[in-house]
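Numbering (the numbering used here), first residue to last: -12 to 109. Okay, structure first, notes after.
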Amino acid sequence: MPKGTRGGGTLGPRLAGALEPHFDPSLLEAEELVPEQPGFIVVVDGALYPTECTRLIKAMEEPGDGGLLGATHLKAPTAADLRPKKNEALLARDSCAVVDPELASRLWERLRHLLPEVPSAA
């Protein structure tokens, strides 16, 4: 089953619905973390309202059919995972990927004016 789905349904519309309909992107500013490489790594404080963060997290954590994390059952690393072999590493984290074109589009509209133009390869 594709990520972000359970029982044939998707969480997409629900996640995109977590965003406020009225947001003024002109109030956002990007902070360069590597000034000698503009646009390489930026931080945008306030890209989401606190209430939007709360709604997105809640939608992902609700158990059963209600939320993505409740449906995917993330597993903790095993004891063997915690003892990497020589020249190996362990990255232990809980993460989740969701394919939601509407959410992505709405976030892009908020942020695109802050990002540098990427030259065409053509």
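In this text, a Cβ means the ideal position worked out from N, Cα and C, and glycines have one as well. Here the structure is a predicted model, which means the values were calculated and not measured.
Would the beta-carbon of residue i fall within 8 Å of that of residue j?
i, j, result
"V29", "A46", "no"
"V85", "L2", "yes"
Could you tell me how far apart the beta carbons of residue i and residue j are, in whole angstroms, since I believe they sit closer than 8 Å?
i, j, result
"R97", "F10", "6 Å"
"L15", "L101", "6 Å"
"L77", "P64", "7 Å"
Can you tell me which of the options puts its alpha carbon nearest to the alpha carbon of residue i?
i, options, result
"W95", "A34, E23, Q24 and V21", "A34"
"E104", "L15, D87, F27 and L14", "F27"
"L20", "V31, A76 and N74", "V31"
"L90", "C40, Q24, E48 and A67", "C40"
"P12", "Y36, K72 and E75", "Y36"
"P8", "R93, A108, K72 and N74", "R93"
"G4", "S107, I44 and P25", "I44"
Closer than 8 Å, CB to CB, is residue i near chain D or not?
i, result
"P37", "Looking at the structure shown, chain D is missing, and only one protein chain is on hand."
Sequence ranges, alpha helix (DSSP H) only - wholly within the stretch 23 to 55, length at least 4: 37 to 48
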